[in-house]
Amino acid sequence: MKRARTIAWIKGLVAIVVTAVVFLVPFAFVLLQAAKTPDDASNLTFSWPTHWQFFQNLRDVLATNDGLIWRAFANSAILTVGSVTIMVILAAMVGYVLQRKASRLNPVINFFVLAGLIVPPAVVPTIWLLQGVGLFKTMFGMILVEATFGLSFCILLFRAFVGTIPRELDEAAVLDGAGPIRLFFRVILPLLRPVIVTVIVVQAVAVFNDFAGPLYFLPGDENATVQLTLYQFQGQNLSFYNLLFMDILLITIPPLVAYIFFNRQIVAGLTSGAVKG
Amino acid sequence: MATTNLAPTLPVGATSGGKGTGPRKKMKSFYPSWFFIPAVVMYVVFFAIPTFASFYFSLTRWSLFDSQFIGLGNFVQFFQDPQLWNGFIHTFEYGFATSAAKVVLGFALAVILTGPILARGYLRAIIFFPVLISTIGVGIMFKSLLDPFHGMVNAVLGFLHLPQPGWFTDPALALGTIAAVDIWKGVGIATLIFMAGIVAIPNEYFEAARMDGASSWAILRTITIPLSRPAMATVIILSLIGGLRSFDLIWATTGGGPGFTSDVIASVIYKQYQAGFYGLSTAGNVVLFVVVTAIMVPLSSFLNRKTVEL
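Listed in order, the protein sequences are those of chains A and B.
Straight run, no breaks: the first sequence in my numbering ends on number 692.
Straight run, no breaks: the second sequence in my numbering ends on number 738.
Spelled out as structure tokens, the structure:
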């Protein structure tokens with residue numbers, strides 16, 4: 416028994432050292448780069464900053480291009496909140512009825528839900544369509560596109576969770592005189608809270624980090640999202656590596672906060688298929 | 429007992445003739461089908477129509493405003509042009525390599541992390557965190573760390589008198605390097621899914637096996653691996669879909685270069701779009717569609733067959 420514990424200790428220490436090198440060092444590098452002077456940072460060496468100017472870099476990055484990053488954060492926030500709201504409401508409605516009502520339509524709908532998960536979106540035809548309905552290069556169009564791309568995943572989560580709510584509850588509510596709308600919005604929706612939190616956090620991180628979507632469907636400086644500013648920054652300011660890394664740091668904060676507060680929900684959402692298949 | 433309340437709902441077929449429908453059946457009208465409509469409209473407009481349209485536009489020379497039918501010209505070009513053909517091959521290499529590595533590494537890490545080990549919470553968090561951060565940020569980060577002249581990795585290699593390759597600039601290495609970064613970023617999610625699968629295995633199995641004096645290798649081979657099959661299926665499917673479609677990381681690190689040595693179908697689609705060859709770009713999209721469905725549909729039905737029976 417004592418030997419087993421020593422082995423566990425050694426294994427643990429090895430694991431801690433290995434993960435520290437593989438995972439912590441890159442993050443430490445980002446932090447150090449973000450605190451350096453431009454000359455110092457452009458060396459790209461993993462070294463202690465010769466002169467710490469973390470807060471000045473922070474101020475500088477917020478001020479570059481007339482505060483583009485503020486606008487980018489606002490754009491990303493609008494995009495994330497808008498699309499995730501749509502996803503949650505529409506996917507909950509579909510997942511609920513899909514699970515509750517046996518219908519000949521269900522196999523068809525299940526097929527399209529899976530197709531939405533597997534099939535890669537056709538990019539140029541989507542641009543063509545957005546242009547046709549006058550939503551290309553608009554935030555509203557981008558919100559609808561992101562929401563559509565996320566629907567399938569959300570529907571699967573909601574359908575699985577609705578299955579755990581006893582039908583007797585629906586019947587009781589109906590006996591008490593609730594109509595279909597009240598039944599869903601007043602009785603079912605509040606009970607879906609755990610899975611709603613999961614969906615919100617997982618999809619918010621996904622939309623916030625999405626790069627290809629805004630690259631194709633939301634070009635233009637005034638609409639830039641944070642991921643696009645990072646990409647453009649990389650292209651333009653090769654002599655300002657310190658600001659580039661400060662930008663990376665800033666963009667990492669929202670997912671970090673989400674992870675700290677909603678660790679359990681994120682794990683629940685991402686592992687939902689692992690046990691039942 | 430609760431069952432007495434439910435009694436009337438059960439024998440629906442038996443009381444045929446009278447009112448015909450039991451409460452269970454009447455409930456149907458409380459699950460309105462129009463709840464599907466908003467989602468269906470969005471799905472049809474922003475996903476289904478573009479997908480179907482792509483089949484037509486891939487057969488045209490297209491400027492978004494007018495299109496000219498040219499038959500299979502775009503596909504012929506796609507498979508004849510060595511640069512585009514390379515992207516096609518790389519998609520498979522990249523998808524299968526990253527997926528296989530994530531399965532193997534993720535499973536190994538999950539076995540370690542579900543066993544007795546120090547600082548499990550820290551290890552879990554640190555392995556998972558890269559999943560949540562921006563792919564573009566990760567790309568920029570590793571481009572600096574793997575810089576051939578100043579990057580930290582090559583500095584260490586130089587210190588050890590080992591060769592210092594140009595990770596992203598050597599045509600033979602670029603795609604492999606990107607795949608390695610992809611694995612670094614994505615292994616956390618595989619680990620997490622495997623951990624959930626392993627934790628769900630009833631503890632009695634492990635206890636009984638240990639009682640019978642099974643070695644830990646035998647336990648792994650006969651209990652852990654077969655019983656984490658649903659997790660295995662999830663990891664393979666998710667990582668392969670992601671790998672075959674991947675674009676962000678490649679675009680943030682090499683942009684498909686040097687030359688075309690790290691192009692995949694998704695980056696070819698973007699490059700042709702940028703160049704204004706919309707028909708060719710859409711043909712690339714159709715090729716990607718065919719590749720992904722041709723692999724995923726048989727694979728997922730194969731992987732899920734056993735679990736459906738249970």
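Even glycine gets a Cβ: it sits at the ideal position worked out from N, Cα and C.
Following the DSSP letters along the chain, one finds S495 (chain B) inside the beta strand (DSSP E) bounded by residues 495-497.
Taking 4 residues as the shortest admissible run, the region 648-724 of chain B contains the following complete alpha helix (DSSP H) segments, listed from N- to C-terminal end: 657-673, 676-681, 693-702. L439 (chain A) and L573 (chain B) have their C-alpha atoms some 13 Å from each other.
Annotation for T500 (chain A): the continuous alpha helix (DSSP H) segment containing it runs 469-515.
In this structure, the alpha-carbon of Y484 (chain B) lies about 44 Å from that of L598 (chain A). Between the alpha carbons of A618 (chain B) and L551 (chain B) lies a distance of about 14 Å.
Annotation: D636 (chain A) to V473 (chain B) spans about 27 Å, alpha carbon to alpha carbon. Listed as beta-bridge partners of T488 (chain B) by DSSP are B:F497. From the listed residues B:S491, B:F675, B:L487, the smallest Cα separation to A627 (chain A) is found for B:F675. When C-beta distances to chain A are compared with 8 Å, the residues of the region 598-613 of chain B below that value are W612, in chain order. With respect to chain B, the C-beta atom of K417 (chain A) has no partner C-beta closer than 8 Å. With 16 or more other Cβ atoms from the protein chains shown falling within 10 Å of its own Cβ, D585 (chain A) counts as buried. Runs of the alpha helix (DSSP H) lying entirely within the region 559-639 of chain A, each at least 4 residues long, are 582-590, 608-624, 627-632 in chain order.
Within chain B, no C-beta atom comes less than 8 Å from the C-beta of W485 (chain A); the nearest is roughly 18 Å away.
Chain B has no Cβ within less than 8 Å of the Cβ of W463 (chain A). Fully contained in the region 512-573 of chain B is no beta strand (DSSP E) run of length 3 or more. With a cutoff of 8 Å on beta-carbon distance, L566 (chain A) and S687 (chain A) are scored as not near each other. Interface with chain A (8 Å Cβ-Cβ cutoff): G579 (chain B) is included. Neighbourhood of G427 (chain A) in chain B, by CB distance below 7 Å: I545, L546, A547, in chain order. Residue burial annotation: E561 (chain A) is buried, with at least 16 other C-beta atoms found within 10 angstroms of its C-beta. Looking at A:T460, A:F461, A:A456, A:N480, the one whose alpha-carbon comes closest to that of F469 (chain A) is A:A456. Within chain A, the residues F626, Y646, Q649 have their CB atoms less than 8 Å from the CB of A680 (chain B), given in chain order. Interface residue (Cβ-Cβ distance to chain A less than 8 Å): D691 (chain B) is not classified as such. Secondary structure of N458 (chain A) (DSSP, three-state): coil. Counting other Cβ atoms within 10 Å of its Cβ, R638 (chain B) stays below 16 and is therefore classed as exposed. Around the Cβ of G549 (chain B), a 10 Å sphere holds fewer than 16 other Cβ atoms; the residue is exposed. With respect to the 8 Å criterion, L492 (chain B) and Q647 (chain A) are not classified as neighbours on the basis of their beta carbons. Secondary structure note for K552 (chain A): it is in no alpha helix (DSSP H), with a DSSP letter that is neither H nor E. Boundaries of the alpha helix (DSSP H) around I663 (chain A): 656-685. Against chain B, the CB of N490 (chain A) has no partner CB under 8 Å away; the residue lies outside that interface. Residue burial annotation: G594 (chain A) is exposed, with fewer than 16 other C-beta atoms found within 10 angstroms of its C-beta.
One Cα belongs to G578 (chain A), the other to Q514 (chain A), and the distance between them is close to 6 Å. Nearest in C-alpha terms to I723 (chain B), of all of B:L666, B:P591, B:D610, is B:L666. Sequence-distant Cβ neighbours of N514 (chain B) in its own chain, meaning closer than 7 Å and more than five residues away, are F688, D691. The Cβ neighbour count for I693 (chain B), taken over all protein chains shown within 10 Å, is at least 16; the residue is labelled buried.
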